[in-house]
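Residue numbers (full-length UniProt numbering), protein chains in the order written: chain A, 1 to 205; chain B, 1 to 205; chain C, 1 to 205; chain D, 1 to 205. Note that beta-carbon positions come from the ideal geometry of N, C-alpha and C, so glycine has one too. As the structure is a computational prediction, the values presented were derived from the model and not from experiment. Inspection log for the structure reproduced underneath, given as structure tokens.
Protein chains: 4
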Amino acid sequence: MSVTARWLELADIKDELAARDWFPGTSGNLAIRVEDDPLTFLVTASGRDKRKRTPDDFVLVDAFGRLIGEQTGKPSAETLLHVEVFNRTEATCSLHVHTIDNNVISELYAARGEVVFTGQEIIKALDYWEEDAIVRVPIIDNHADIPTLAAAFAPHVRSSAGAVLIRNHGITVWGETPAATKRYLEAYEFLFSYTLKLRALGVHS
Amino acid sequence: MSVTARWLELADIKDELAARDWFPGTSGNLAIRVEDDPLTFLVTASGRDKRKRTPDDFVLVDAFGRLIGEQTGKPSAETLLHVEVFNRTEATCSLHVHTIDNNVISELYAARGEVVFTGQEIIKALDYWEEDAIVRVPIIDNHADIPTLAAAFAPHVRSSAGAVLIRNHGITVWGETPAATKRYLEAYEFLFSYTLKLRALGVHS
Amino acid sequence: MSVTARWLELADIKDELAARDWFPGTSGNLAIRVEDDPLTFLVTASGRDKRKRTPDDFVLVDAFGRLIGEQTGKPSAETLLHVEVFNRTEATCSLHVHTIDNNVISELYAARGEVVFTGQEIIKALDYWEEDAIVRVPIIDNHADIPTLAAAFAPHVRSSAGAVLIRNHGITVWGETPAATKRYLEAYEFLFSYTLKLRALGVHS
Amino acid sequence: MSVTARWLELADIKDELAARDWFPGTSGNLAIRVEDDPLTFLVTASGRDKRKRTPDDFVLVDAFGRLIGEQTGKPSAETLLHVEVFNRTEATCSLHVHTIDNNVISELYAARGEVVFTGQEIIKALDYWEEDAIVRVPIIDNHADIPTLAAAFAPHVRSSAGAVLIRNHGITVWGETPAATKRYLEAYEFLFSYTLKLRALGVHS
């Protein structure tokens, strides 16, 4: 796909997530693979208001997350996480968002190192099709130093579809297609909100 | 009504429900009766993003849920539930959606096999007009195998207006007109959210 | 003001409240005074989907809530409540909406017959300007018979600005101008939501 | 910048906050610096519905919050708070909004005189970049008399970026640029909502 086609695809996903208010305080970032060999991908430019759509929203970077050629803007500080996703898997899209509920889940289950879901129809949206499938989302500690964070994140990137919660720092979700990645993100957020609502009623899963 | 008129009617309902974010992770599906004899109906094509509006959103199927002629896309995996609705009643519309609150209600009341409402003005929106009307929504177990699920669902489809909760798998609502069906769905969701909010405050109805 | 000007004013308020999803299941109704002597007012036509805007959304009625001349549609079943408001006061607008939170408040405080607010800056939006103003919203029982409900409602309509909660049947708010009425409604809903959130945290006001 | 440019900048921020329903009951107000010497700034005209966009939404005032020349409308009653911000710091924007969550936080933590946050990635959006940064938001008592309120508010205005909660009267946030100020406001609201959700689950930070 051309850079422009990928750009538009990522911009549409950004608009949808922004409409849900999933980029509070300019947090969050998005990335989409453009070429495989050598690897290039588009990633959110640093500090942009993701509720607006402008020609400078994304920058093109290489396999190390470095800016390619001359462009307006610099890559998001958290580009290194997307670098791990695109180098280690065949995923084409990687989304990182902060929501109230994913942050609360990451705090509640941090000590266990993961949050586990089962018995929910929405799990099929994650492409787990077995009955009684068990979904595990690892939760890693947050680090202000991004290379350190990326090193903690990398071992959990083992296939072309997955998700990692960073404690009080949102979720990163990736998948084989941009549409699948957005679907996974919505499904995870549904599972988080469902779990919190049940817990608030005294039911612990 | 023509296929086109029905298509547009269903697309408008889809847009409204999508605006409420009631199709998380491409979950949910919708169906509208087109002809009575032989029965044909439009149903969501499998795996579509219901937040977008395209000419391929629905497919036309027969009384067994089989695709009629050559069309782009295949019927939603859950078409068999709508088959039960349209074969067993005179309903013209059938809506299946996942919300956080209908899933939480389905889990909280699963052991009782139903959730019961009374004393709410919004019950009139369900076309129960007697004072002190009692509304019962059956809750059935979920099954990954759709024919098994449809068999568990069918006995609860007894009139041209009704609703069934599937445990951790959303609600299916049907009615004599598309407008009535949408009204029922909104009213059920209101009752669910009201009940959960009261329970969170320690009041059990 | 002309009927048309009033119509447009009411339609704009309806659109705004509909955007907040405050008319679930076609519930709720709105009314605006047109003439004083003899009294005429516009009121929601029965059973309309308030999320859509059409030329048939409102009908013109007299001081008894009867349709004037030949018009498409019939007045909302609850027109008699607005009749009380416009006959007993100089209010120009009367709004009746169901929200989850106003219904939950009406249930929680029903036994006391009122819910009381104080110490909130938003109370100024209700045109109570004294420091430490105390706002009391009466809560009456619901009756399926509208004349009976109107008779229970009437004694609480004592000035050109006010509000009454009907148990599990929403709130009716009225005011001297349409803009003030909408402002009151928003302020009451804010107070309800605030109170419920504090109670859910164990703080009872 | 010209008055017009500043006007449009402030109007865009107003539209965004209004879309989140952060001006219930016409509450809230916004201000943006126009000139430094002598100080002039635009501030919300009193009693405007902030969900609408009109040419009369803001008025230009001087360093004392007095209307400059002949204009339609008068400055918001709470202009004196913005006067403190612009006179005491180099901030260019000052936003005051009421949300359910900021009011609940202001009540829950009022006795401590402040609410404190740490260990949240979103804190970076507040331009605190150290790991383990601690954010303190002072909470002051509300006063119906605005000069008294402004006097209680002033000692907390110590740099060109900051925030103060007024008990049951919303938050005031200011910053060096309008974009930064909006980002701070979103980040504070995120922290408030996160904290309340955790507390509702029995976790106190």
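- Message: Since A/Val-203 and A/Glu-84 should fall inside the 8 Å C-beta cutoff, what is the C-beta to C-beta distance between them, to a whole number of angstroms?
- Response: By 1-based counting over the first sequence, the position of residue 203 of chain A is 203. By 1-based counting over the first sequence, the position of residue 84 of chain A is 84. Wrong, their Cβ atoms sit about 36 Å apart, outside the cutoff.
- Query: Can at least three beta-carbon pairs, one atom from the stretch 52-61 of chain C and one from the stretch 171-190 of chain B, be found at a separation below 8 Å?
  - Reply: no
- With C-beta atoms as the reference, is C/Ile-166 less than 9 Å away from C/Asp-145? If you number the third sequence from 1, residue 166 of chain C lands on position 166. If you number the third sequence from 1, residue 145 of chain C lands on position 145. No. Outside cutoff.
- Can you say whether B/Pro-147 is buried or exposed, counting buried as having 16 or more other CB atoms within 10 angstroms of its CB? Walking along the second sequence from the start, residue 147 of chain B turns up at place 147. Answer is exposed; the Cβ neighbour count stays below 16.
- To the nearest angstrom, report how far apart A/Val-43 and A/Leu-185 are at their CA atoms. Position 43 of the first sequence holds residue 43 of chain A. Position 185 of the first sequence holds residue 185 of chain A. If you take the alpha carbons of A/Val-43 and A/Leu-185, they lie about 17 Å apart.
- 6 Å CB neighbourhood of B/Glu-31 in its chain, flanking five on each side removed: Taking the second sequence and counting its residues from 1, one reaches residue 31 of chain B at position 31. Contrary to the premise, residue 31 of chain B reads as Ala rather than Glu in this sequence. The answer, listed in chain order, is Phe-41, Val-43, His-82, Ser-94.
- Query: Mind checking if D/Gly-162 is an interface residue toward chain A, Cβ cutoff 9 Å exclusive?
  - Reply: By one-based count along the fourth sequence, residue 162 of chain D stands at place 162. By this cut-off, D/Gly-162 is not an interface position.
- Query: Candidates A/Ile-171, A/His-169, A/Gly-170, A/Pro-138: which alpha carbon is nearest A/Pro-155's?
  - Reply: Against the first sequence, residue 155 of chain A aligns to sequence position 155. Nearest of A/Ile-171, A/His-169, A/Gly-170, A/Pro-138 to A/Pro-155, Cα basis: A/Pro-138.
- Item | Closest residue to C/Pro-38 among C/Phe-64, C/His-96, C/Ile-134 (Cα-Cα distance) | What you label residue 38 of chain C is simply residue 38 of the third sequence in a count that begins at 1. For C/Pro-38, the nearest C-alpha among the options comes from C/Phe-64.
- Starting from the beta carbon of C/Thr-26, find every residue of chain B whose beta carbon is closer than 7 Å, and list them in chain order. Within the third sequence, residue 26 of chain C is the residue found at index 26, counting from 1. Listed along chain B, the residues sitting closer than 7 Å to C/Thr-26 by beta-carbon distance are Ala-125, Arg-183.
- Neighbour list for B/Val-137 in chain A, Cβ cutoff strictly below 8 Å: On the second sequence, residue 137 of chain B is found 137 positions in, with the first residue counted as 1. What B/Val-137 touches in chain A: nothing, since even the nearest Cβ is about 17 Å away.
- Inter-stretch contact (C-beta, 8 Å, three-pair minimum) for the stretch 98-109 of chain D and the stretch 112-132 of chain A: Fewer than three beta-carbon pairs drawn from the stretch 98-109 of chain D and the stretch 112-132 of chain A are found closer than 8 Å, and the two stretches are therefore not classed as touching.
- Query: Quick one: which chain A residues come within Cβ less than 8 Å of B/Gly-73?
  - Reply: Locating residue 73 of chain B in the second sequence gives position 73, where the first residue counts as 1. Going along chain A, no residue has its Cβ under 8 Å from B/Gly-73, so there is no contact; the nearest lies around 15 Å.
- Message: Please report the straight-line C-alpha distance between C/Thr-54 and B/Trp-7, rounded to a whole angstrom.
- Response: For the purposes of this step, residue 54 of chain C is identified with residue 54 of the third sequence, where counting begins at 1. For the purposes of this step, residue 7 of chain B is identified with residue 7 of the second sequence, where counting begins at 1. Taking the straight line from one Cα to the other gives about 21 Å.
- Query: Within 10 angstroms of its Cβ, does D/Arg-183 collect 16 or more other Cβ (buried), or is it exposed?
  - Reply: Here residue 183 of chain D refers to the residue found at position 183 of the fourth sequence. Buried, since its Cβ has 16 or more Cβ neighbours within 10 Å.
- Query: In its own chain, which residues sit with a C-beta less than 7 Å from the C-beta of B/Ala-77, not counting the 5 before and 5 after it?
  - Reply: What you label residue 77 of chain B is simply residue 77 of the second sequence in a count that begins at 1. Taken in chain order, the residues that qualify are Ser-46, Ile-146.
- Flag C/Ala-200 as yes if its beta-carbon sits less than 9 Å from any beta-carbon of chain D, otherwise no. Taking the first residue of the third sequence as 1, we reach residue 200 of chain C at position 200. Yes, its Cβ sits closer than 9 Å to a Cβ of chain D.
- Message: Buried or exposed for B/Asn-87, going by 16 or more other Cβ atoms inside 10 Å?
- Response: Position 87 of the second sequence, counting from 1, holds the residue named residue 87 of chain B. By the neighbour-count rule (16 or more Cβ atoms within 10 Å), B/Asn-87 is not buried but exposed.
- Task: For D/Phe-41, name the three-state secondary structure that DSSP assigns.
- Result: Here residue 41 of chain D refers to the residue found at position 41 of the fourth sequence. Note: D/Phe-41 maps to strand in three-state DSSP.
- Item | Proximal residues to D/Thr-92 (C-beta, below 7 Å), its chain only, five neighbours per side dropped | Working through the fourth sequence from its first residue, we reach residue 92 of chain D at position 92. For D/Thr-92, where only same-chain residues beyond five positions count, the Cβ hits under 7 Å are Ile-32, Arg-33, Glu-176, Thr-177, Pro-178.
- Query: Under 9 Å between the Cβ atoms of D/Val-116 and D/Val-135?
  - Reply: On the fourth sequence, position 116 is the one that residue 116 of chain D refers to. On the fourth sequence, position 135 is the one that residue 135 of chain D refers to. Against a cut-off of 9 Å, the Cβ pair of D/Val-135 and D/Val-116 comes out as a contact.
- Based on the DSSP output, what are the partners of residue 212 of chain D in its beta bridges? The requested residue 212 of chain D does not occur in the structure, where chain D is confined to residues 1 to 205.
- Where does B/Arg-136 fall in DSSP's three states? Here the question's residue 136 of chain B lines up with position 136 in the second sequence. Strand at B/Arg-136.
- Task: Return helix, strand or coil for A/Phe-190, following the three-state DSSP convention.
- Result: Position 190 of the first sequence holds residue 190 of chain A. A/Phe-190 falls in the helix class under three-state DSSP.
- Item | Where the stretch 47-76 of chain A meets chain B: residues whose CB sits under 7 Å from a CB there | none
- Which class does D/Arg-33 belong to by DSSP, given the choice of helix, strand or coil? Residue numbering aside, residue 33 of chain D sits at position 33 when the fourth sequence is read from its first letter. Strand.
- Task: With a 10 Å radius around its C-beta and 16 neighbouring C-beta atoms as the bar for buried, classify A/Trp-129 as buried or exposed.
- Result: Here residue 129 of chain A refers to the residue found at position 129 of the first sequence. It counts as exposed.
- Task: Give the DSSP-derived three-state secondary structure of C/Leu-201 in the structure shown.
- Result: The count along the third sequence starts at 1 and reaches residue 201 of chain C at position 201. Note: C/Leu-201 maps to coil in three-state DSSP.
- Item | Strand pairing of C/Thr-118, partner residues [DSSP] | The residue you call residue 118 of chain C lines up with position 118 of the third sequence. Answer is C/Ile-134, bridged to C/Thr-118.
- Query: Do we get a CB-CB distance below 9 Å when we pair C/Ile-122 with the residues of chain G?
  - Reply: Absent here is chain G; the protein component of the structure consists of chains A, B, C and D.
- Item | For D/Leu-60, the first and last residue of its enclosing beta strand (DSSP E) | As a position in the fourth sequence, residue 60 of chain D is number 60, starting the count at 1. Where D/Leu-60 is concerned, the enclosing beta strand (DSSP E) stretches over 58-62.
- Reduced DSSP category for A/Pro-55 - H, G, I as helix; E, B as strand; rest coil: The residue you call residue 55 of chain A lines up with position 55 of the first sequence. Correct three-state label for A/Pro-55: coil.
- Query: For A/Asn-168, which option in A/Gly-28, A/Glu-16, A/Ile-13, A/Ala-18 has the closest C-alpha, if you only look at C-alpha atoms?
  - Reply: Counting from 1 along the first sequence, the entry for residue 168 of chain A is found at position 168. Comparing Cα-Cα distances from A/Asn-168 to each of A/Gly-28, A/Glu-16, A/Ile-13, A/Ala-18, the minimum goes to A/Gly-28.
- Selected residue, minimal CA-CA separation from B/Asp-49, among B/Glu-70, B/Ile-68, B/Lys-14, B/Asp-36: One-based indexing of the second sequence puts residue 49 of chain B at position 49. Nearest of B/Glu-70, B/Ile-68, B/Lys-14, B/Asp-36 to B/Asp-49, Cα basis: B/Lys-14.
- Using 10 angstroms around the beta-carbon of B/Ala-19, count the other beta-carbons present and answer buried if the total reaches 16, otherwise exposed. Within the second sequence, numbered from 1, the residue matching residue 19 of chain B stands at position 19. Result: exposed.
- Cβ neighbours of B/Leu-149 in the same chain (closer than 6 Å, five flanking residues each side left out): Residue mapping note: residue 149 of chain B aligns to position 149 of the second sequence, counting from 1. His-143.
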